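Each remark here refers to the structure printed beneath this line.
In my numbering, the protein residues as written are 2 to 159.
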């Protein structure tokens with residue numbers, strides 16, 4: 002939450018406290034002057050086959066996972082367990098893909114088997130800059146930093 006002063010007619014959800022104005026930023030809403038409010042497309046709807054995505058993880062040894070998407074967004078119809086042991090509850094929006102294994106400083110190698118089933122809600126970042134046609138990829142430092150920033154913003158929002 003940012004505390005700022007001044008006249009900002011296009012901010013939403015503002016509270017006045019003393020001489021400053023508290024503004025809660027809403028990342029899903031884009032407001033352009035003289036235009037209606039446009040809701041941003043959910044990240045899960047922007048993923049397509051072959052893209053590399055960064056995923057949240059509770060693995061203490063890894064900041065995030067990388068996955069090459071093979072099947073975007075079907076809906077799980079029953080309780081499902083993937084070959085990695087992840088249990089996906091019924092009616093969870095999921096996508097399927099292959100994980101990458103970290104093999105060096107910001108270098109990752111595709112693990113060709115087994116496939117993973119991942120809840121769409123765990124997606125953190127679409128790495129559109131990465132060429133997924135290669136089995137070994139390098140994540141540029143600026144992209145790694147951007148993923149970590151998104152991770153921190155998502156944690157703060159929870």
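Cβ atoms here follow ideal geometry from the backbone N, Cα and C, with glycine treated the same way.
Only a predicted model underlies this, so the values are computations on that prediction, with no experimental measurement involved.
In the three-state scheme derived from DSSP, where H, G and I count as helix and E and B as strand, residue 55 is classed as strand.
The C-beta distance from residue 66 to residue 152 rounds to 11 Å, too long to fall under 8 Å, and the pair is not in contact. By the C-beta density criterion, residue 154 is exposed, having fewer than 16 other C-beta atoms within 10 angstroms.
Within the model, the alpha-carbon separation for residue 145 versus residue 56 is close to 12 Å. With fewer than 16 neighbouring CB atoms inside 10 Å of its own CB, residue 76 falls in the exposed class. A distance below 8 Å between beta-carbons, with the five flanking residues on each side excluded, links residue 117 to the following residues of its chain, in chain order: 68, 83, 84, 85, 87, 97, 98, 99, 100. Under the three-state reduction of DSSP output, residue 114 falls in the coil class, being neither helix nor strand.
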